[in-house]
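In the order they appear, the protein sequences are chains A and B. So the first sequence is residues 413 to 843, counted in the numbering used here. So the second sequence is residues 413 to 843, counted in the numbering used here. For reference, the structure is listed below as structure tokens.
There are 2 protein chains.
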Amino acid sequence: MHVVDAVVADRVDSRPLSAAILAVGSELLTPEKVDTNSLFITQVLNDLGIAVAFKSIVGDNRAELTAHVAHALGRHRVLILTGGLGPTDDDLTREVVAAHLGLPMHEDPEIIAAMEGRFAARGWKMPAVNRRQAQVPEGATVLANPNGTAPGLWLAHDGAVIALLPGPPREMKPMMAGEVRSRLLALAGDTRLHRRLVRVSGKGESAVEEIVQPIYSRWLAQEPPIETTILAGLGQVELHLRLQSPDAERAGAALDLAVGELTMALGQDVVSTDGRSLAAVVGDLLRARGWWVALAESCTGGLATSRLTDVPGSSDYVERSVVAYSNKAKVELLGVPAALIQEHGAVSEAVAVAMAEGMRARAGVDIAVGITGIAGPGGGSEAKPVGTVCIAVAGVQTEVRTFRFPGGREMVKAMSANWAIDLVRRALREG
Amino acid sequence: MHVVDAVVADRVDSRPLSAAILAVGSELLTPEKVDTNSLFITQVLNDLGIAVAFKSIVGDNRAELTAHVAHALGRHRVLILTGGLGPTDDDLTREVVAAHLGLPMHEDPEIIAAMEGRFAARGWKMPAVNRRQAQVPEGATVLANPNGTAPGLWLAHDGAVIALLPGPPREMKPMMAGEVRSRLLALAGDTRLHRRLVRVSGKGESAVEEIVQPIYSRWLAQEPPIETTILAGLGQVELHLRLQSPDAERAGAALDLAVGELTMALGQDVVSTDGRSLAAVVGDLLRARGWWVALAESCTGGLATSRLTDVPGSSDYVERSVVAYSNKAKVELLGVPAALIQEHGAVSEAVAVAMAEGMRARAGVDIAVGITGIAGPGGGSEAKPVGTVCIAVAGVQTEVRTFRFPGGREMVKAMSANWAIDLVRRALREG
Chain A
413 MHVVDAVVAD RVDSRPLSAA ILAVGSELLT PEKVDTNSLF ITQVLNDLGI AVAFKSIVGD
473 NRAELTAHVA HALGRHRVLI LTGGLGPTDD DLTREVVAAH LGLPMHEDPE IIAAMEGRFA
533 ARGWKMPAVN RRQAQVPEGA TVLANPNGTA PGLWLAHDGA VIALLPGPPR EMKPMMAGEV
593 RSRLLALAGD TRLHRRLVRV SGKGESAVEE IVQPIYSRWL AQEPPIETTI LAGLGQVELH
653 LRLQSPDAER AGAALDLAVG ELTMALGQDV VSTDGRSLAA VVGDLLRARG WWVALAESCT
713 GGLATSRLTD VPGSSDYVER SVVAYSNKAK VELLGVPAAL IQEHGAVSEA VAVAMAEGMR
773 ARAGVDIAVG ITGIAGPGGG SEAKPVGTVC IAVAGVQTEV RTFRFPGGRE MVKAMSANWA
833 IDLVRRALRE G
Chain B
413 MHVVDAVVAD RVDSRPLSAA ILAVGSELLT PEKVDTNSLF ITQVLNDLGI AVAFKSIVGD
473 NRAELTAHVA HALGRHRVLI LTGGLGPTDD DLTREVVAAH LGLPMHEDPE IIAAMEGRFA
533 ARGWKMPAVN RRQAQVPEGA TVLANPNGTA PGLWLAHDGA VIALLPGPPR EMKPMMAGEV
593 RSRLLALAGD TRLHRRLVRV SGKGESAVEE IVQPIYSRWL AQEPPIETTI LAGLGQVELH
653 LRLQSPDAER AGAALDLAVG ELTMALGQDV VSTDGRSLAA VVGDLLRARG WWVALAESCT
713 GGLATSRLTD VPGSSDYVER SVVAYSNKAK VELLGVPAAL IQEHGAVSEA VAVAMAEGMR
773 ARAGVDIAVG ITGIAGPGGG SEAKPVGTVC IAVAGVQTEV RTFRFPGGRE MVKAMSANWA
833 IDLVRRALRE G
């Protein structure tokens, strides 16, 4: 770390303390695979106040990788590489970085010993090909890898720092969050990134944007500015707030104020301001009351219950659920009168209410949900097109709503499940 | 298109016909957001036999974007950019590319007219800021955007072709698959990428790798080689086969042979060789027999049913399902004897069998599933640790298996749901 400090401090460098990330591996350039390592790396860098200027995904190709290393180091003082540290000929990251920096490599006997030990523990002999992974460029620090054979490497060179990390996330993450982060701390200065997450439900992205845009555009003008990113999922919107500051206390207070402003503007639509998911919030509300919930699903096919039971400990408040896909099941399991289905159709507010109330009575729970709709692509009509979904919540009182969701089958299922859980949240907040 | 042909044909270019993709937008450099546009673009390019040499994600920063455009065009003859074509000051792609190529821009009256028409159709006046989107570099071809205001641009310049596409996927995709693809066809020559997908269930990634590695390593030596990528999801493995060839018939025959070899080696574990998902395959098997299925879930919390009902038309064979989270529900809804739960515990093969057989009898279906297990993080014991899951399938006969799944709650749920559906598939193939 002292070496780093010295190297970086003793020269005036025109490059900003911004970072480039290179993810290496031909499989990451196929139409199927996406690089997610860079998200974690970005988070660690951002938390230290280091911005990511760009990230690139490069195949296992010497010329291409060399060009990218040169390009990155010509522009930025922090370079994080992941992947390409394996034992095969395809794995070029180590060699390419050393060659670009003009550093000779030598075999590190400690790495060899550690790898031999790893293999021996499983009763295997280390394959000769793994010796490659013990090659270390002159001056590099070896970063131990408790979760795999490939050690990481840390280099401070000509005013820049370079980390070479393995590709598998379970090997990369602890190394990035541990040794690399603590080495970057020495460069990063006092500024840290402070963040908040506000989850919103019940409004689309553009409706939320319309409300919050005048608010967050004001924040951009203040010093230090608060940056806001809006991310929209199926039926949910996330507002990510970010503030760079060396003063944790003032930053926290400013963000609390900002979150308060959003909560005022969005009211009941704010699900959480502490990162909890919608399902977790509903779980906490149920637990606080000592209430049990049961679900009667049709078009969501079990998705609403699956979401609710994603939360650890949900067996404390989820009593049961029924997916009554057929009319027969609606009658037998929920006591929905066959005549009601005949009169109003299976997708109707009357049937949704009968499902919820039938479930509440039969399961002997405090609150129950009934969901019936047309997920598509078939089954729609002019009066009830695909995307028509009726959701009833039976608690202290019963409420029912009809939605017309856009999109295909998966989207209708996801939006319906989300709304069903959100209507339980609203009923628990009010009731 | 003739312009392109001429420009590209009349010079000898040392750059290969490989592509670079630049995704532009600061929001893509946050820890939350991943660029998925490049996957679609890669697929279209690969199908034409054009390899992607690298892809980069760059923020809304003039210097950075300029450096990346220069870097890409210095090395490759195809450059596809997405994003940064919006109307605000942040949107720099158009300007940066024109400036780099030294092309003056002019306002295109046709684009203005089209945009004014778009706004007028909604009863709005076009904001002045949108004029930016009508700026066209000299010599560029405008690509119509039926799904948004920003038109795309196509440039043939100094032996390279450059496409500027909007960022929103629903605007980008039709443009890439339509006008850009047909223009690239003129460059691409006769070689096309031919592909197959083999889905495998019931074996982990390394077990599959061990079986297929000797097979696909042989394919790499043949001419033209077949490349194989193994992707592992939760409980499923995908084998992606790719073959570049100008001869569609021979390529098809070679891939059929290869798929046949994999099917021989993997046997019953092959779910499909035509892209169908596991749930769709099970649906087709059920429909072919005219069978109905019902599910009795516990630890999966409805996820298995949700997966089955992701398939359009699944109401033809999914009769119902019950999530019997509490013991009370297991007794009431499935007729599991309370004494059986007391004796063996809720997570036991005996209870899984009673759930499946109880469900089959009560729903009057042909085949039923019972799933009971410990998803965690709580609820485990030494004898039955977290991840212990019993799955029974009751059809012509009843079979039951106990699993010990690794990982956290979500992984246990996903693996269990996958295995439950897969055991139905195996029972339908055998019985």
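Virtual Cβ for every residue (Gly too), placed ideally from N, Cα, C. Since this is a predicted model, take the numbers as computed values, not measurements.
Name the chain A residues that come within less than 7 Å of residue i, Cβ to Cβ?
{"i": "B:GLN455", "result": "PRO443"}
{"i": "B:ILE906", "result": "Any property of residue 906 of chain B remains undetermined from this structure, which presents chain B solely from 413 to 843."}
{"i": "B:SER727", "result": "TYR737"}
What residues in its chain sit with their C-beta under 6 Å from that of residue i, if we drop five residues either side in the sequence?
{"i": "A:ARG841", "result": "none"}
{"i": "B:LEU527", "result": "Checking the sequence shown, residue 527 of chain B turns out to be Met, not Leu. Excluding positions up to five away in sequence, the list reads MET538, ASN542, THR561."}
{"i": "B:ALA750", "result": "VAL743"}
{"i": "B:ALA572", "result": "LEU485, ARG489"}
{"i": "B:MET587", "result": "LEU555, GLY564, LEU577"}
{"i": "A:GLY496", "result": "VAL436, ASP503, LEU504, THR505"}
{"i": "A:ILE453", "result": "ILE433, ILE492, MET588"}
{"i": "B:THR717", "result": "LEU707, SER733"}
With distance defined between alpha-carbon atoms, name the residue in the options nearest to residue i.
{"i": "B:SER861", "options": "B:LEU667, B:GLN648, B:PRO636, B:ALA677", "result": "Beyond the ends of chain B as shown, which are 413 and 843, falls residue 861 of chain B; an answer cannot be given."}
{"i": "A:GLY401", "options": "A:GLN545, A:ALA482, A:GLY529", "result": "The requested residue 401 of chain A is not part of the displayed model; chain A covers only 413 to 843."}
{"i": "B:THR494", "options": "B:ILE574, B:LYS796, B:GLY782", "result": "B:ILE574"}
{"i": "B:ASP778", "options": "B:TRP704, B:ARG719, B:GLU811, B:ASP834", "result": "B:TRP704"}
{"i": "B:LEU451", "options": "B:PRO499, B:PRO581, B:GLU617", "result": "B:PRO581"}
{"i": "B:GLY579", "options": "B:ILE786, B:GLU439, B:GLY571", "result": "B:GLU439"}
{"i": "B:GLU761", "options": "B:PRO586, B:VAL801, B:VAL836", "result": "B:VAL801"}
{"i": "B:ALA598", "options": "B:ALA533, B:GLY776, B:ALA787, B:ILE462", "result": "B:ILE462"}
{"i": "B:VAL436", "options": "B:HIS518, B:GLY687, B:GLY551, B:MET584", "result": "B:MET584"}
{"i": "A:VAL682", "options": "A:ARG838, A:GLY791, A:SER618", "result": "A:ARG838"}
{"i": "B:LEU460", "options": "B:TYR737, B:SER594, B:PRO443, B:ARG821", "result": "B:SER594"}
{"i": "B:SER689", "options": "B:GLY819, B:ASP472, B:THR500, B:ARG611", "result": "B:ARG611"}
{"i": "A:LEU446", "options": "A:ALA431, A:ASP728, A:ILE469", "result": "The residue you asked about is not Leu; residue 446 of chain A is Val in the sequence shown. It is A:ILE469 whose Cα lies nearest to the Cα of A:VAL446."}
{"i": "A:LEU746", "options": "A:THR721, A:GLU591, A:ARG774, A:SER613", "result": "A:ARG774"}
{"i": "A:PRO558", "options": "A:ALA568, A:HIS569, A:PHE531", "result": "A:PHE531"}
Mapping DSSP to helix, strand and coil, what is residue i?
{"i": "A:GLY782", "result": "strand"}
{"i": "B:TRP831", "result": "helix"}
{"i": "A:ALA826", "result": "helix"}
{"i": "B:ALA839", "result": "helix"}
{"i": "B:ARG772", "result": "helix"}
{"i": "A:THR675", "result": "helix"}
{"i": "B:PHE851", "result": "In the structure as shown, chain B begins at 413 and stops at 843. Residue 851 of chain B is therefore absent and cannot be evaluated."}
{"i": "B:GLU794", "result": "coil"}
{"i": "A:PRO789", "result": "coil"}
{"i": "A:GLN809", "result": "coil"}
{"i": "B:GLY590", "result": "helix"}
{"i": "A:LEU565", "result": "strand"}
{"i": "A:VAL541", "result": "helix"}
Who are the Cβ neighbours of residue i in its own chain at under 8 Å, not counting the five residues just before and after it?
{"i": "B:HIS606", "result": "ARG654, LEU655, GLN656, SER657, ALA660, ALA663, GLY664, LEU667"}
{"i": "B:VAL763", "result": "LYS742, VAL748, LEU752, ILE753, HIS756, GLY757, GLY782, THR784, CYS802"}
{"i": "A:ALA677", "result": "ILE623, VAL624, ILE627"}
{"i": "A:ALA826", "result": "LEU646, GLY647, LEU715"}
{"i": "A:MET823", "result": "LEU646, PHE817"}
{"i": "B:ILE786", "result": "CYS711, VAL759, GLY792, LYS796, PRO797, VAL798, GLY799, THR800, VAL801, VAL824"}
{"i": "B:ILE523", "result": "GLN545, ALA546, VAL548, VAL554, PRO563"}
Cutting at 7 Å between CB atoms, please list the residues of its own chain near residue i, excluding the five before and the five after it.
{"i": "A:VAL508", "result": "ARG474, LEU477, THR478, VAL481"}
{"i": "A:TRP831", "result": "GLY647, ILE803, PHE815"}
{"i": "B:ALA768", "result": "ALA708, ALA780, VAL781, GLY782, ALA804, VAL805, ALA806, THR810"}
{"i": "A:ASP520", "result": "ALA546, VAL548, VAL554"}
{"i": "A:LYS740", "result": "none"}
{"i": "B:ARG719", "result": "ALA691, ALA829, ILE833"}
Below 9 Å on C-beta distance, what does residue i contact in chain B?
{"i": "A:VAL446", "result": "VAL446, ASP447, THR448, SER450, LEU451"}
{"i": "A:HIS480", "result": "PHE466, SER468, HIS483"}
Starting from residue i, find everything on chain B with Cβ-Cβ shorter than 7 Å and list it in chain order.
{"i": "A:SER738", "result": "GLU731, ARG732"}
How would you list, in chain order, the residues of chain B whose beta-carbon sits under 8 Å from the beta-carbon of residue i?
{"i": "A:PRO749", "result": "Chain B residues near A:PRO749: none, gap ~18 Å exceeds 8 Å."}
Could you name the residues of chain A that residue i contacts, counting a contact when the two beta carbons are closer than 8 Å?
{"i": "B:ASP722", "result": "GLY713, ARG821, GLU822, LYS825"}
query: Where in the stretch 433-517 of chain B do unbroken runs of the alpha helix (DSSP H), each at least 4 residues long, occur, reported from the N-terminal end onward?
result: 449-459, 474-487, 505-513
query: What are the uninterrupted segments assigned as alpha helix (DSSP H) that are 4 or more residues long and contained completely in the stretch 693-759 of chain B, given in chain order?
result: 715-720, 739-746, 750-756
- prompt: If you scan the stretch 604-658 of chain A from start to end, which runs of the beta strand (DSSP E) of 3 or more residues do you find wholly inside it?
  reply: 604-613, 638-644, 648-657
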